[in-house]
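Numbering (the UniProt record's numbering), first residue to last: 1 to 126.
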């Protein structure tokens, strides 16, 4: 079973979210990075752009596939992880830490899964 930190919230499309003071830090889960394999490129939006919950905000490319990244929240992009431009492998090495993708100033109430709900969803997929 992949790692599922208990202090985060999750989406059905395998993103994680940490909300602090109205800002959501977003990344992909351990399960997602395992499924993708070695990440070689990440395309992220510019700070100041708008994102909508459930809509793509960027792409992630691995040796296996190119996948859309879906925003778990609506709002304005406050920051992107520029480190990933030079070191996209951080998504594999530390998906819940240095491999974060974007930070969003949230508008509205996000519809997210608890760690337990996400774990159940992973079990259903197997």
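A virtual CB, placed ideally from N, CA and C, is assigned to each residue, including glycine.
Fair warning: this is a prediction, and the values are worked out from it, not measured in the lab.
Counterpart residues of residue i in DSSP-defined beta bridges
| i | result |
| --- | --- |
| residue 16 | 10 and 27 |
CB of residue i within 7 Å of CB of residue j, strictly
| i | j | result |
| --- | --- | --- |
| residue 104 | residue 53 | no |
| residue 10 | residue 118 | yes |
| residue 44 | residue 102 | yes |
Where the beta strand (DSSP E) containing residue i begins and where it ends
| i | result |
| --- | --- |
| residue 56 | 56-62 |
| residue 70 | 66-70 |
Selection from the options that minimises the alpha carbon distance to residue i
| i | options | result |
| --- | --- | --- |
| residue 86 | 65, 33, 22 and 41 | 41 |
| residue 60 | 47, 75, 37 and 77 | 37 |
| residue 5 | 31, 107, 68 and 82 | 31 |
| residue 12 | 20, 46, 113 and 108 | 113 |
C-alpha distance - residue i paired with residue j, whole-angstrom precision
| i | j | result |
| --- | --- | --- |
| residue 83 | residue 27 | 13 Å |
| residue 99 | residue 72 | 16 Å |
| residue 63 | residue 92 | 12 Å |
Extent of the continuous alpha helix (DSSP H) run through residue i
| i | result |
| --- | --- |
| residue 79 | Note, residue 79: premise wrong, no alpha helix (DSSP H); beta strand (DSSP E) at 75-80. |
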